[in-house]
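Here the structure comes first, spelled out in structure tokens, and everything after it is commentary.
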Amino acid sequence: SQKIEQNSEALNIQEGKTATLTCNYTNYSPAYLQWYRQDPGRGPVFLLLIRENEKEKRKERLKVTFDTTLKQSLFHITASQPADSATYLCAPHEPDTGRRALTFGSGTRLQVQP
Amino acid sequence: DGGITQSPKYLFRKEGQNVTLSCEQNLNHDAMYWYRQDPGQGLRLIYYSQIVNDFQKGDIAEGYSVSREKKESFPLTVTSAQKNPTAFYLCASTMTGSNEQFFGPGTRLTVL
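This is how it looks when you write it as structure tokens:
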């Protein structure tokens with residue numbers, strides 16, 4: 004069965020360091036993968052989308068990599084700030100299935116200490 | 013301001029009662045979705061609609077019903093058949109041709 008794995012344990016880092024979050028998937032052949040940020044009690048907010056033919060994508064302090072051989076995406080936040088503290092969700096997508104809805108991982112909670 | 017609104021933010025119901033959660037969007041998006049989120053878990057798809065008057069079951073549709081009579085609105089009814097309805101419910105929408113989903117603020121439903 005299809006599975007999306009994100010580290011369920013919270014990631015605690017010091018302000019200014021780089022946070023790296025992992026998304027592993029099995030039995031998927033995603034054409035693209037999305038990352039979302041979710042704050043407590045709020046809806047997720049889209050951050051980045053990376054396609055299967057893209058190895059890396061950047062947006063300001065965010066960087067996402069996508070390794071279809073390892074079936075893994077890494078999400079990096081450089082120069083992290085306490086305001087980056089949130090839960091980050093990944094969502095690989097196989098558009099050829101005809102289903103446009105996303106399937107999300109359970110997310111990794113990031114806590115940036117001042 | 014364009015966006016998705018969900019109301020109410022908090023909802024309490026007695027066991028055995030049906031309850032309808034509202035979702036409205038003024039983004040002119042064609043597709044709309046309902047997800048359920050339980051503590052420490054990811055989002056699970058309940059129903060989705062790609063066009064007015066059409067909708068499909070998601071992964072956990074049992075005990076839920078939807079309608080899509082207008083492009084802007086996609087209400088979700090949680091029926092008494094849903095065995096464990098207490099959860100955080102999220103509505104989302106997508107523009108045709110786009111992959112990015114826009115989410116509403118969510119409704120936290122508690123069944124007493």
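Line order of the protein sequences matches chains A and B. Note that our numbering has the first sequence beginning at 4, numbered continuously upward. Note that our numbering has the second sequence beginning at 13, numbered continuously upward. Heads up, the beta-carbon is just placed ideally off N, CA and C, and yes, glycines get one too.
For residue i and residue j, I'd like the C-alpha separation in whole angstroms.
i, j, result
"A/TYR39", "A/ASN27", "15 Å"
"A/PHE69", "A/CYS93", "11 Å"
"B/PRO51", "A/GLU59", "31 Å"
"B/ASP42", "A/PRO95", "21 Å"
"A/ILE80", "A/LYS66", "7 Å"
"A/VAL10", "A/THR25", "A small correction: the amino acid at residue 10 of chain A is Asn; Val does not occupy that position in the sequence shown. The alpha-carbon atoms of A/ASN10 and A/THR25 are separated by roughly 7 Å."
"A/LYS20", "B/ASN96", "41 Å"
"A/THR71", "B/VAL123", "42 Å"
"B/ARG125", "A/PRO47", "Nothing about residue 125 of chain B can be read from this structure; chain B reaches only from 13 to 124."
"B/SER110", "A/PRO98", "12 Å"
"A/LYS6", "A/SER109", "11 Å"
"B/SER92", "B/LYS21", "20 Å"
"A/PHE78", "A/GLU8", "13 Å"
"B/GLN49", "A/THR90", "13 Å"
"A/ASP42", "A/ASN56", "30 Å"
"B/ASN65", "B/GLY118", "23 Å"
"B/GLU84", "B/PHE114", "13 Å"
"B/ARG80", "B/GLU36", "11 Å"
"B/TYR101", "A/GLN84", "29 Å"
"B/ASN30", "B/GLN94", "9 Å"
"A/GLY44", "A/LYS74", "30 Å"
Identify every residue that forms a DSSP beta bridge with residue i.
i, result
"A/ARG54", "A/TYR35"
"B/LEU55", "B/GLN49"
"A/LYS60", "A/VAL67"
"B/HIS41", "DSSP lists no partner for B/HIS41."
"B/VAL78", "B/LEU88"
"B/PHE24", "B/THR122"
"B/PHE114", "B/SER105"
"B/SER34", "B/SER19"
"A/PRO85", "Answer is none; A/PRO85 lacks a bridge partner."
Flag residue i as yes if its beta-carbon sits less than 7 Å from any beta-carbon of chain C, otherwise no.
i, result
"A/PHE107", "Judged by its chain identifiers, the structure shown contains no chain C, and its protein chains are A and B."
In chain order, what residues of the same chain lie with their CB nearer than 6 Å to the CB of residue i, ignoring the 5 residues before and after it?
i, result
"A/LEU52", "TYR35 and GLN37"
"B/HIS45", "Inspection of the sequence shows that residue 45 of chain B is occupied by Tyr rather than by His. Correct list, in chain order: TYR60 and ALA104."
"B/SER77", "THR89"
"B/MET107", "HIS41"
"A/PHE107", "LEU92 and ALA94"
"A/GLN17", "GLN116"
"B/SER19", "SER34"
Within a Cβ cutoff of 7 Å, which residues of the same chain sit near residue i, ignoring the five residues on either side of it in sequence?
i, result
"A/ARG64", "ILE80, THR81 and ALA82"
"A/SER88", "LEU113, GLN114 and VAL115"
"A/SER32", "GLU97"
"A/ASN15", "GLN114 and GLN116"
"A/PHE49", "GLN37 and TYR39"
Once the 5 residues before and after residue i are set aside, which same chain residues still bring their CB inside 8 Å of it?
i, result
"B/GLN68", "TYR59, TYR60, SER61 and GLN62"
"A/ALA13", "THR111, ARG112, LEU113 and GLN114"
"B/GLU112", "THR106"
"B/THR98", "LEU121, THR122 and VAL123"
The segment 28–59 of chain A: positions lying closer than 9 Å to chain B by Cβ: Going along the segment 28–59 of chain A in chain order, one finds TYR35, GLN37, TYR39, GLN41, GLY44, ARG45, GLY46, PRO47, VAL48, PHE49 and LEU52 with a Cβ nearer than 9 Å to chain B.
Anything in the segment 14–41 of chain B with a Cβ closer than 9 Å to a Cβ of chain A? List those residues in chain order, please. Those would be ILE16, GLN18 and LYS21, in chain order.
Would you be able to state if there are at least three C-beta pairs under 8 Å between the segment 18–29 of chain B and the segment 68–84 of chain B? Not touching, per the Cβ criterion.
For the segment 84–100 of chain A, which residues have a CB atom closer than 9 Å to at least one CB atom of chain B, in sequence order? Listed in sequence order: LEU92, ALA94, HIS96 and PRO98.
At a CB distance below 9 Å, what residues from the segment 78–89 of chain B approach chain A? Give them in sequence order. Listed by position along the chain: nothing, the set is empty.
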